[in-house]
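Peer 1: Questions regarding the structure given below will be posed in turn.
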Amino acid sequence: MTPEILDLLFPNELPTVAEIETKYPSRELPEGAVVSRLAPSPTGYLHIGNFYQGFMAERLAHQHNGVFFLRVEDTDQARKVEGAVEVVLNALAHYGIRPDEGRTLDGEIGDYAPYTQSERKEIYQAYAKELVAKGAAYPCFCTTEEIDLVRKIQSKQGLRTGYYGHYAKCRNLTDDEVLANLKAGKPFCIRLKSTGDYSKRIVVDDLLKGKVSLPEYDVDVPIIKGADGLPTYHFAHLIDDHLMQTTHVVRGEEWLSSLPLHIQLFNLMGWQPPQYAHHALLQKLGEDGKRRKISKRLDPEANIEYFAEHGYPQDAVLEYLLNLMNASFEDWRKENPTVSVFDFPMDIHKISNTAGALFDMVKLNSIAREVVARMTAEEVYDKVLTWAKEYKPDFANVLENNREKCISIFNIERGIGTKSRKDLFKWEDAEKETEFFFQTPAFDEKLLDPIAKDDVVKVALEYAAIYNPSDSKEEWFAKIKEIAGANGFATDMKAYKADPKSFKGSVSDVAKILRVAITGRTQSPDLYAIMQILGKDEVLTRLNLNDRC
RNA sequence: GACCCUAUCAUCUAACGGUUAGGAUACGGCCCUCUCAAGGCCGGUACACGGGUUCAAAUCCCGUUAGGGUCGCCA
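Right, here's the structure in full:
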């Protein structure tokens, strides 16, 4: 290409490639350090799969003395959403994941700035210009309509679609033809002049997939778009991950097919390609019983914010994802119940390399139960409060005005680790699990069917008469038995089971009457503990069923 | 259609040529018990199919089938 054409192609003043290279100093990192990144598109939300990928990349870097950075891939201006970077950063921060470099909540950090691709336009253009000058790339004047038509024809003939071989019409335009097109003001994109041969194969060693054999890439893909002069993903990946010295590229396996292109690009530049790690995609079971990838449109949990909104403990989400990455996580957790998830030594070579896992909410819930069981009542209180302040302000007020009482409530049957109650595992459930402590529930006698109403009222009143809040748990239960016996209920289950007909019910029915009167429900945590927290006056008010039905 | 990835209980998976195929979740039963949780004990359920290689195959090779992915001037 002549200098005249190059100037028409790239009319703006551009830095030289040599100038750019000197601005990006070599990273001074220990041997074996991993530099990884998360490179989201700012579309306004963070997909669970991207989060999974970012978490994996972050673990990899931080477990290997490295750097984890965040780069914004906003080369598709149409999809760009204002404030989207903050959405991503906040979502990460919620889980304690903070990029060391790139776009962060503290602004842009690092020596390899800018970390937003739209601000790097000149850099890509400088490299593209060099490739065109070398004859390794060329301007293409084909319109979208023409390309679409070719694709249709190829498709109809059962051929591979794409701009390759003799379909690459602009590949061999003469300088004069190019010049004529440019002077006519025809729009153009810059395409790679591919050196690949589809009949040959390339073998790439992927960190997760192992050796992958693929056909060489012979399509002349666009590297610079016509509309705005910004690079396509492939070209931006090449330039950025080279300049930013990314050692490990963690991404979804949907990229596996373009791996030969990326290798070709690195080879073309004479650069060392990064180590690739293509992970399987998270999936979901669709209505039709088939697997599909988790979809933004169909699955609310596709958005990582879903878990914060519903009050899932952060560690539960992290542990669940870690469990998908390394199945040995569960064993490790069993042996190390108290340490941080970030201390788990994730083994990159043990990352499961199977078909994409089905996202399992039930398993997540189960992990959440274990995570919450390990917390103290104070921790639960703090977490619930933090959640409520954001999502349920009224409830947050209740929590703040009753700190000690709430901690006592969260402490009911809170044992050590596995022995704890496990009904509360996401903070959104906390309100309905605690509401009867703050307001006298309606008394619904139907809950006590078939016990006669007269007996219900009598039992409650008689119990109230002998109730003493300073009783021990044993004394408390002895009194329930006493009332049972005095009213024709069996005082122990064996006697009742032996001859149910001679009793109105058993001691458990008596307890049930008290439970319904006090909590408004037939099921609750330990009634003794509940009564201790409610206090004498409130308990007596609730037991006075004469006034309540 | 072409190319690629993957294939072990319902789900997530372990196994890296020799195991009664292990664990976790879910499910069922029993125990405990003031109900519910929790906990303890027990239980059922899996190597997709067909060929090879080997003394020996879930494991290696080939094929079939199935699921997923890619084939955009989206990433």
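Here this note's numbering is used: the first residue of the first sequence is 28, the next is one more, and so on. The C-beta atom is built at its ideal place from N, Cα and C for all residues, glycine as well.
1. Quick one: using the 10 Å Cβ neighbour count with 16 as the cut-off for buried, is Asp378 buried or exposed?
2. Which residue marks the beginning of the alpha helix (DSSP H) containing Val94, and which one marks its end?
3. Specify whether the segment 288-306 and the segment 334-346 touch according to this definition: at least 3 beta carbon pairs, one from each stretch, less than 8 Å apart.
4. Out of Pro477, Thr102, Ser322, Asn294, which one is the CA nearest neighbour of Ser223?
5. Could you tell me whether the segment 271-283 touches the segment 200-216, using the rule of 3 or more Cβ pairs below 8 Å?
6. Could you name the residues of the same chain whose beta carbon sits closer than 8 Å to that of Arg218, not counting the 5 residues immediately before and after it, in chain order?
7. Helix, strand or coil: how does DSSP classify Tyr225 here?
8. On the criterion of 16 or more Cβ atoms from any shown chain inside 10 Å, does Thr102 qualify as buried, or is it exposed?
9. Which residues in the same chain have their Cβ closer than 8 Å to the Cβ of Asn514, if we skip the five residues on either side of it in sequence?
10. So, for Met558: in the same chain, excluding its five sequence neighbours on each side, which residues have a beta-carbon less than 6 Å away from its beta-carbon?
11. So which of Tyr418, Ala423, Glu128 has the shortest CA-CA distance to Gly137?
12. By alpha-carbon positions, which one of Lys238, Ser63, Leu270, Thr43 ends up nearest to Tyr51?
13. Nearest to Ile266 by alpha carbon, out of Phe371, Tyr151, Leu158?
14. Taking the beta strand (DSSP E) that Cys216 belongs to, which residues open and close that run?
15. How long is the line joining the alpha carbons of Asp476 and Gly71, rounded to whole angstroms?
16. Where does Gln559 sit, in a helix, a strand or coil, going by DSSP?
17. Rounded to whole angstroms, what's the CA-CA distance from Glu328 to Gly185? Just pull it up for me.
18. Between Ala118 and Phe78, which are expected to be in contact by the criterion C-beta below 8 Å, what is the C-beta distance as a whole number of angstroms?
19. Which residues in the same chain as Ala517 place their Cβ atom closer than 6 Å to its Cβ, once the five residues preceding and following it in sequence are excluded?
20. Please list, in chain order, all residues of the same chain as Glu336 whose beta carbon is under 7 Å from its beta carbon, the five residues on each side excluded.
21. So, with DSSP's three-state summary, where would you put Pro527?
22. Go through its chain and collect everything with a Cβ distance to Glu146's Cβ below 6 Å, but skip five positions before and after it.
23. With C-beta atoms as the reference, is Leu451 less than 8 Å away from Val389?
24. For Tyr303, which residues does DSSP report across the bridge?
25. Classify Cys167 as helix, strand or coil using the three-state DSSP reduction.
Peer 2: Walking through what the data contain:
1. One detail in the question is off: residue 378 reads as Ile in this sequence, not Asp. Classification of Ile378: buried, given that the 10 Å Cβ count is 16 or more.
2. From DSSP, Val94 is part of no alpha helix (DSSP H) but of the beta strand (DSSP E) over 94-97.
3. no
4. It should be pointed out that residue 223 corresponds to Gly in this sequence rather than to Ser. Measuring from the Cα of Gly223, the nearest candidate turns out to be Asn294.
5. no
6. Ala164, Tyr165, Pro166, Cys167, Tyr190, Ala195, Cys197, Arg198, Asp247, Val248, Pro249, Ile250
7. coil
8. buried
9. Asp482, Lys485, Val486, Glu489, Lys531, Val537
10. Val566
11. Glu128
12. Leu270
13. Tyr151
14. 216-219
15. 53 Å
16. helix
17. 38 Å
18. 7 Å
19. Tyr523, Phe530, Ser533
20. Tyr418
21. helix
22. none
23. no
24. Val276
25. strand
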